[in-house]
Every structure is written in structure tokens, then in C-alpha cells.
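Going by full-length UniProt numbering, the sequence shown runs without a break in its numbering and finishes at 335.
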Amino acid sequence: MEDDAVRAGSSILSDGAGEVAVTEDAREVSPDDVCVLIPTLDEAATIADVIEGFHEQGYTNVVIVDGNSTDDTREIAREHGAEVLVQSGDGKGQAVREALEYITVPYVLMADGDGTYDPADADKMVEPLSRGYEHVIGNRFAEMDDDAMRALNGFGNRMINRAFGFVHGANYEDILSGYRAFTVESFERLSLDSDGFTIETELAVECVKHGVETTVVPVSYRARPDESETNLHPVKDGGTILLTLYSLAKTNNPLFYFGSLGVAGICSGGLIAVYVLWEWVQYTQSHEVMALVSAAAILLGVQLLMFGVLSDMLVTLHREQRRRLERIARESKDE
Numbered sequence: 001m002e003d004d005a006v007r008a009g010s011s012i013l014s015d016g017a018g019e020v021a022v023t024e025d026a027r028e029v030s031p032d033d034v035c036v037l038i039p040t041l042d043e044a045a046t047i048a049d050v051i052e053g054f055h056e057q058g059y060t061n062v063v064i065v066d067g068n069s070t071d072d073t074r075e076i077a078r079e080h081g082a083e084v085l086v087q088s089g090d091g092k093g094q095a096v097r098e099a100l101e102y103i104t105v106p107y108v109l110m111a112d113g114d115g116t117y118d119p120a121d122a123d124k125m126v127e128p129l130s131r132g133y134e135h136v137i138g139n140r141f142a143e144m145d146d147d148a149m150r151a152l153n154g155f156g157n158r159m160i161n162r163a164f165g166f167v168h169g170a171n172y173e174d175i176l177s178g179y180r181a182f183t184v185e186s187f188e189r190l191s192l193d194s195d196g197f198t199i200e201t202e203l204a205v206e207c208v209k210h211g212v213e214t215t216v217v218p219v220s221y222r223a224r225p226d227e228s229e230t231n232l233h234p235v236k237d238g239g240t241i242l243l244t245l246y247s248l249a250k251t252n253n254p255l256f257y258f259g260s261l262g263v264a265g266i267c268s269g270g271l272i273a274v275y276v277l278w279e280w281v282q283y284t285q286s287h288e289v290m291a292l293v294s295a296a297a298i299l300l301g302v303q304l305l306m307f308g309v310l311s312d313m314l315v316t317l318h319r320e321q322r323r324r325l326e327r328i329a330r331e332s333k334d335e
């Protein structure tokens, strides 16, 4: 897939299985049609400035979905004119899914409440929606302050982005960005299960899987204020995100998922077979049980490879059929 196909300003989006034309007929998106959605957890030190920043840009419909903060986050948010929802569960992913049930406008601009994203980039984030895109990702690496991200976090982010591109076949540049703009209609087409910080990863995978027209725009990314503490654990959450990327390949890229398991089975069975053969040649000592295990592992690996190829064919046919049905639905709607 061409990397430029998902960069800001492009008129064609490739989702790995085909190209999706994006209309160039601009239709202005009014700030009144946009809900600024901010998930929070103990962000009392920064939430006031974040809300006021969006108000200054003309985005007055601000919704805070709070994960039962123990500080004054909710009270401060209400004082500055935001609507506050208290989520019924735990985690950022659950908060976003629950908040979308209460949003009545067609567009959502999602940001974090820690002051790292610049509200002045709001128009830049929303503008692609007026050109027909359905999901916009803010690329933090384009204009990042030197002290905005630790070296370990930066390395982990880049590794995860490369893994996403390799496994899921799309270059979204910064899939872990919390600065997103999307249509409510496109969000409702996605199958989201994540409760925690993996929500951004799942959003990116689902956009590829469902052919959601996605683009990337450069945004500013600032260091978190000293008085604000992060809720992210780099090693633990990074490992969880990588596991999520791999597990989601089961339905989005089954050839990679089952193929990797198949190759692992064949390689492990082959290594055991080499050991059994070496023992027999060198010492005329047989290992019947290990030989059976080796054969079983190799056969299982071959079967998984075959299953991966068949699953990939079915997924490709399903995507093509879904696109045809969606095109027919759009055409009938326009008539």
C-alpha cells in the first residue's frame, strides 16, 4: 500500500485491499456540529485550560467523560462550561464507547485532558471531515516538543507503528495518538471491545478492517505539565498494545495471524526432528515420542498455513462484497 495514500491532503485512500475515492467537494463542518470528547482521570491540574482552549477556538460543545476521578476534575470541568458524564465502567476505551451513546451531533473531536494536545489544531483536525474523510488521526511526531515524550516511549511508539504497518498493511504514522476526529456514523460501524489504552490501537485496526476513509494530519504535542501525572505504564501498556495488534490480526489479516502460528509450528517441529535425527545418526539412539511430537507439530503448522490462506480469501471476498453493498446504499441514498 502506498504510504502517501493516508497522509493529510490526499484524495485517495488505500486500505490495503483497494482504493477508496474521497470527494473533493468541500462541505464546511460547523463547530456547532462537533462534540469535543475528553476522557479524564484525575486531570484537575490541566482540564480547565483544555476546555477554555477549545472554547476559544469556537468549540463550545465539550463533553467530559470521567473515570471516577478522586480529585476535582469533574467540578472544575462543570465550572468551565463542559458537560460531565461519569462512566459506569473502567478504562479509556469503555469511557469513549459509553460517551458516544449520548452524543447527538454528527462529528466528534477526541482529545486527552492532560494539556499535551493543542486546541488550536482543532480546525486542522476537523477540516478533512468536510472533504469526505471519516476518521482523522493527529500525528504527534510532526510537531513534537523535545521533552514531550521520553526516549523509551518514543521508541515504543515507533516500534508499534511499524508493527501495525507490517501486520495490518496501512501507514497511519501515529496509531497511538489520542487526538482524533471522526464521524459518529463511521464509529458506529466499528466493532470495539477495548476498555483501556488499547482503544486507539483498536480504532486504527477497525478503520482498516471496515474500510473507513482515514487520513493523518500533523499536530502539536507538548510535554505534560509537571503537576499532572500520567496514567500510562510504558512497558506494561506497550506489551498489551502489541498483543492487541497481533490478536486483532485474526480477523483483519488472518494470513499473517495463522501463518505466523503455522511457521512457528513447522520450525519447532523441524528443530525437534533435527535433534532426533542427530541422536540417531551419532549414537543410534531413537526417540520415538519426540519423533511423533515433531511430526504432529509440522502437520499442525502446515494445516494452520492452509487455514490462513483460506481465511484470507474469505476476508478479501467479504470486504469486496461489503464495499459493493455500501456503494449501492450510498447511491440509493443520494437519489
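Think of the CB as a built atom: it goes at the ideal place given N, C-alpha and C, for glycine as much as any other residue.
Predicted, not measured: the structure shown is a model, and the values here were computed from it.
The DSSP-derived three-state label of S177 is coil. In the three-state scheme derived from DSSP, where H, G and I count as helix and E and B as strand, N157 is classed as helix. For V29, no alpha helix (DSSP H) segment is defined, and its DSSP state is neither H nor E. Contact between V126 and A95 fails: their C-beta atoms lie close to 21 Å from each other, not under 8 Å. N139 carries a strand assignment under DSSP once its states are collapsed to helix, strand and coil.
With a cutoff of 8 Å on beta-carbon distance, E101 and S186 are scored as not near each other.
Proximity to V105 across C35, R140, V276, G165 peaks at C35, based on C-alpha coordinates. Three or more beta-carbon pairs separated by less than 8 Å link the stretch 29 to 46 to the stretch 63 to 79, which places the two stretches in contact. Of all C-beta pairs linking the stretch 297 to 311 to the stretch 265 to 285, three or more are shorter than 8 Å, placing the two stretches in contact. With respect to the C-alpha of F307, the residue from S191, H55, K250 having the closest C-alpha is K250.
Rounded to whole angstroms, the separation of the alpha carbons of L255 and S311 is 7 Å.
Contact between A223 and D145 holds: CB atoms are separated by about 5 Å, below the 8 Å threshold. In summary, T284 is exposed, with fewer than 16 beta-carbon neighbours lying within 10 Å of its beta-carbon over all protein chains present. Contact annotation: the stretch 48 to 61 does not touch the stretch 148 to 168, with fewer than three C-beta pairs closer than 8 Å. Within the same chain, Cβ atoms closer than 7 Å to the Cβ of H80 are found at A48, I51, E52, the five residues on either side in sequence being excluded.
Here Y172 carries a coil assignment [DSSP, helix/strand/coil]. By the neighbour-count criterion, in which a residue is buried when 16 or more other Cβ atoms sit within 10 angstroms of its Cβ, V86 is exposed. With distances taken between CA atoms, A273 lies nearest to A291 out of A291, F258, S260. Close CB contacts of D118 within its chain, under the 6 Å cut and outside five residues either way in sequence, are with S220 (chain order). Pairing T183 with Y246 gives a Cβ-Cβ distance that is not under 8 Å. With a minimum length of 4 residues, the unbroken runs of alpha helix (DSSP H) contained wholly in the stretch 88 to 131 fall at 92 to 100, 122 to 126. In this structure, V136 sits away from V205, with a CB-CB distance that is not shorter than 8 Å. Counted as a single uninterrupted DSSP element, the beta strand (DSSP E) harbouring P218 occupies residues 214 to 221. Taking every protein chain shown into account, the CB of R327 has fewer than 16 other CB atoms within 10 angstroms, so this residue is exposed.
M313 and R319 have their C-alpha atoms roughly 10 Å apart. Rounded to whole angstroms, the separation of the alpha carbons of V167 and N253 is 7 Å. Scanning F258, L152, K92 for the CA closest to the CA of G67 turns up K92. Taking a 10 Å sphere around the C-beta of E202, we find 16 or more other C-beta atoms and assign the residue as buried. For the set L248, F258, Y257, A296, the Cα lying nearest the Cα of L271 is the one of A296. Under the three-state reduction of DSSP, T46 is assigned to coil, being neither helix nor strand. Counting only residues of its own chain and dropping the five nearest sequence neighbours on each side, D195 has a CB closer than 6 Å to the CB of G91, G93, Q94.
For D237, no beta strand (DSSP E) run applies; the uninterrupted alpha helix (DSSP H) run containing it begins and ends at 234 to 252, by DSSP. Per the coordinates, the alpha-carbon of G89 lies some 22 Å from the alpha-carbon of L176. Boundaries of the beta strand (DSSP E) harbouring L85: 83 to 86, taken from the DSSP string.
In terms of Cα proximity to D112, the closest of E98, M149, I38, E75 is I38.
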